[in-house]
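Chains as they are written, first to last, in the working numbering: chain A, 1 to 299; chain B, 1001 to 1330.
Note that the Cβ used here is the ideal one computed from N, Cα and C, for glycine as well.
Here the structure is a predicted model, which means the values were calculated and not measured.
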Amino acid sequence: MIDQIVQGVLLGGYYALVACGLSFMYGVMRIINLAHGSLAILAAFLVWYITEQLAVSPFIALLIVVPIMAALGWILQRTVLDRSLRSGPLTPLLSTFGIAIIIDNGLFERFGADTRSLAPNIGDLSYKSWTLPGGVTVGQLGLLTLGVAVVLIVGLQLFLKYAPLGRAIRATAEDPDTAELMGINSRSVYAAAAAIALGTVAIAGAFLGMRATFDPYSGGAQLIFAFEAVVIGGTGSLWGTLLGAIALGVAQNLGAQVNPKGFLIAGHLLFFCVLAVRVFAAGGFSLNWLKALWRSQPA
Amino acid sequence: MTDAVWVRRWSSVSIITIVGLAGIIAILAFGPLFLGSYWTSRLTTLFIYIILAVMWNALAGYAGLVSVGQQAFFGLGAYVVIRLSDAGMPVYPAIALAPVIIAVLALVLSPLALRLRGGEFAIGMWVFAELAHLLVNLDSLIQGETGRSLIALSAFAPDVRRANNYWFALGAMTIFLALVFVLLRSRMGASVQAIRDNEEAAASVGVRVMATKRTIFVLAAAGCAAAGALTLSTLITFQPKTFFSVQWTAYMIFMTLVGGLGTFEGPIIGAIVFFIVESLFGSSGVWYLIALGASALVFSLWIPRGIWGTITARSGIQLMPIGYRLLFRK
């Protein structure tokens, strides 16, 4: 039981990594990027490809992939998302879903259906672990992932709080028009935010590749995990996202104890419970709608 | 005293359209008698696509609810048919009952689902679809991803089965088109578009936001369930992975965006376009899917009105009398 919780917390580290970019982008631009998971898989493939081609460690490859993904984020914002943001609340969902389909199938076209992993490329890091008193094992990779997630989130918070660009991002997120009046170019700020978000996606993709396997169509699942972490933790706060990610990881590991399929089911159930509580707390649940149903007059 | 303006809903074009549409459906009703087996089953598929496109458009184009999880209802519709059939119910009544059961499920789900906004609703529905998929996998009747065939269908000769599927699909399509038409022509049509454009403003002028959204949500769920049940009747085997695939939603989005989001005629045209594109390029596999994604992207950004919306904006033609036209009295 305690072992499962510890493993869940470590798994939560990965979810926090993949969720923080989604949370960041949602916080700044109010966009839920439906291509988020697919972009993480794209990054994982890039890291894998560079690792294989140049015969370097995935960590070295990651140093190359982070700027590539950041540049991609910049381009994505300038070409697609800017335009989507201007054409109403539905368009970003539709356009990013289109991008997700293109990435998934593009990866399939280029790399085929085989599942890949970076685990063979990181030597004994993939399986080395420490044993705590009580027989609980802590994998080094899992701990490293959690550590990177915490550092990334602390770093993003400090950046948002103190760096000039961070302050500009916060101002733009608050009110883009007023920020413009203060001399901030909101388009550039958005592009920078998208670049940062995709930089974190690159890191998430690399760690996904190291701790598990992936294939061209794994993107949807990563998007769902990231989104669940964000919602469970409460939208709009990076610390909340970290806690949500850990809660998700713990719930999944406990669910797996009940049934092999329980891993995913428990995560989804936790997600819906949190939503239900949130709606209930906001006074959303009432039986008025039932009464309204009986009244014959439509709308 | 006469008013200076009057409202026109019907025009000669729209009367011709409605009569023409009824005529086409009446002719199509005799389809299996003169179409070969190939076209009978192909048209059945087209009818199913039209249902899916029209339902997704009702949700997104009219109620402003973008769902990436409509495959939940599609898959559950098929699953319910398997379950009912296993319980001894004849196949075709089971197919007719499945959408009703799923509508009740959607009604139960609606207080939670409809509190979510924008992207939250979109992915929340996807999570729901994943959950439904996993739970159906747990059913021992389905045996995980192995799936199960609709064995009772083998009681029908292939020709009879094909014709039945065709008539059921045509009937379902007609019913759902008529329901959406009546809904959009009623007061709810105006309410639902007001909600899409600005929910708070709509509520402030007395639109019953939740009731309106709920009606559309339940209708769309029932339509997707009907499409799922009908697809099962053509494929015969229920494989959870196929039926709960997000691909179905990708198709719905493609059809609606290409045809024209938020128009009545658009998704029908989109479904026909998709049907033709699939017939021509469906076998080219992955590039075909990349092209679908790319067209969804291009249409959402540069041609947001789609084919039909662009035509009406240019010419002012409205085939279906669901809007209002204000005219000055001469």
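Own chain partners of residue i with C-beta closer than 7 angstroms, once the 5 adjacent residues on each side are dropped
i, result
"B/Thr1040", "Gly1031, Pro1032, Arg1162, Ala1163, Tyr1166"
"B/Arg1148", "Ile1082, Leu1141, Ile1142, Phe1238"
"A/Tyr127", "none"
"B/Leu1097", "Leu1084"
"B/Ile1101", "Val1080"
"B/Ile1051", "Ala1172, Met1173, Phe1176, Gly1223, Ala1226, Ala1227"
"B/Val1068", "Ala1122, Ile1123, Met1125, Trp1126, Val1246, Thr1249"
"B/Tyr1195", "The question names Tyr, yet the displayed sequence has Ile at residue 1195 of chain B. Hits under 7 angstroms: Ala1063, Gly1064, Ala1202, Val1207, Val1209, Thr1212, Lys1213."
"A/Trp48", "Arg116, Leu118, Gly209"
"A/Leu125", "Gln140, Leu141"
Assumed close pair residue i, residue j - CB separation to whole angstroms, cut-off 8 angstroms
i, j, result
"B/Leu1230", "B/Ala1169", "5 angstroms"
"B/Ala1072", "B/Leu1084", "In fact, because the Cβ distance is near 18 angstroms, the residues do not count as touching under 8 angstroms."
"A/Ala149", "A/Val28", "Their Cβ separation, rounded to whole angstroms, is 19 angstroms, which puts A/Ala149 and A/Val28 out of contact at 8 angstroms."
"B/Tyr1049", "B/Gln1193", "24 angstroms between Cβ atoms; not a contact."
"B/Ala1296", "B/Phe1254", "5 angstroms"
"A/Tyr190", "A/Asp82", "7 angstroms"
"B/Leu1219", "B/Ala1058", "6 angstroms"
"B/Ile1216", "B/Val1258", "Rounded, the Cβ-Cβ distance is 21 angstroms, inconsistent with contact."
"A/Gly37", "A/Ala221", "7 angstroms"
Residue j beta carbon less than 9 angstroms from that of residue i
i, j, result
"A/Gly13", "A/Ala245", "yes"
"A/Gly106", "A/Val201", "no"
"A/Ile101", "B/Ala1122", "no"
"A/Leu34", "A/Leu158", "no"
"A/Ile103", "A/Gly183", "no"
"A/Leu76", "A/Leu198", "yes"
"B/Pro1111", "B/Gly1077", "no"
"B/Leu1301", "A/Ser95", "yes"
"B/Leu1131", "A/Ile41", "no"
"B/Leu1043", "B/Leu1028", "yes"
"B/Ala1129", "B/Phe1244", "yes"
"A/Val303", "A/Gly249", "There is no way to answer for residue 303 of chain A, as the model of chain A reaches only from 1 to 299."
"A/Met210", "A/Ile122", "yes"
"A/Trp239", "A/Ile169", "no"
"A/Leu117", "A/Phe271", "Looking at the sequence itself, residue 117 of chain A is Ser, so the reference to Leu does not match. Taking 9 angstroms as the Cβ cut-off, A/Ser117 and A/Phe271 do not qualify as a contacting pair."
"B/Leu1134", "B/Ile1272", "no"
"B/Gly1119", "A/Ile99", "no"
"B/Ala1157", "B/Val1091", "no"
"B/Val1180", "B/Phe1264", "yes"
"A/Glu180", "B/Trp1287", "no"
"A/Val138", "A/Thr145", "no"
"A/Gly255", "A/Leu243", "no"
Chain-order list of residues whose beta-carbon lies under 8 angstroms from that of residue i (same chain, five-residue window excluded)
i, result
"A/Ile2", "Gly134, Val136"
"A/Ala70", "Ala195, Ile196, Leu198, Gly199, Ala202"
"A/Val56", "Ile50"
"A/Val66", "Gly199, Ala202, Ile203"
Own chain partners of residue i with C-beta closer than 6 angstroms, once the 5 adjacent residues on each side are dropped
i, result
"A/Ala19", "Ala226, Ala229, Val230, Thr241, Ala245"
"B/Leu1035", "none"
"B/Val1066", "Ala1060, Ala1122"
"B/Leu1105", "none"
"B/Gly1262", "Gly1061"
"A/Leu39", "Val201"
Buried or exposed (CB count within 10 angstroms, at least 16 for buried), residue i
i, result
"B/Ile1276", "exposed"
"B/Glu1200", "exposed"
"A/Ile50", "buried"
"A/Gln325", "The requested residue 325 of chain A does not occur in the structure, where chain A is confined to residues 1 to 299."
"A/Ala16", "buried"
"A/Gln53", "exposed"
"A/Gly273", "The question names Gly, but residue 273 of chain A in the sequence shown is Cys. Burial call: exposed."
"B/Lys1241", "exposed"
"A/Gln7", "buried"
"B/Arg1208", "buried"
"B/Ser999", "In the structure as shown, chain B starts at 1001 and stops at 1330, and residue 999 of chain B therefore has no counterpart that could be examined."
"A/Ile60", "exposed"
"B/Ala1015", "One detail in the question is off: residue 1015 of chain B reads as Ile in this sequence, not Ala. Label assigned to B/Ile1015: exposed."
"B/Ile1024", "exposed"
"B/Ile1236", "exposed"
"B/Arg1305", "buried"
"A/Leu275", "buried"
"A/Pro120", "exposed"
"B/Val1136", "buried"
Check: residue i C-beta below 8 angstroms from any heavy atom of the ligand MN
i, result
"A/Ile2", "Ligands displayed in this structure: none; no statement on the ligand MN is therefore possible."
**Q.** Continuous beta strand (DSSP E) assignments of at least 3 residues falling wholly in the stretch 134-221 of chain A
**A.** 137-139
Q: Could you name each continuous alpha helix (DSSP H) segment of 4 residues or more that falls completely within the stretch 48-81 of chain A, going from the start of the chain to the end?
A: 58-76
Q | Continuous beta strand (DSSP E) assignments of at least 3 residues falling wholly in the stretch 1125-1171 of chain B | A | none
Q | Length-filtered (4 minimum) alpha helix (DSSP H) runs lying within the stretch 1053-1092 of chain B | A | 1071-1086
Q: Would you list, in sequence order, the uninterrupted alpha helix (DSSP H) runs of no fewer than 4 residues that lie entirely inside the stretch 1258-1310 of chain B?
A: 1266-1281, 1286-1302
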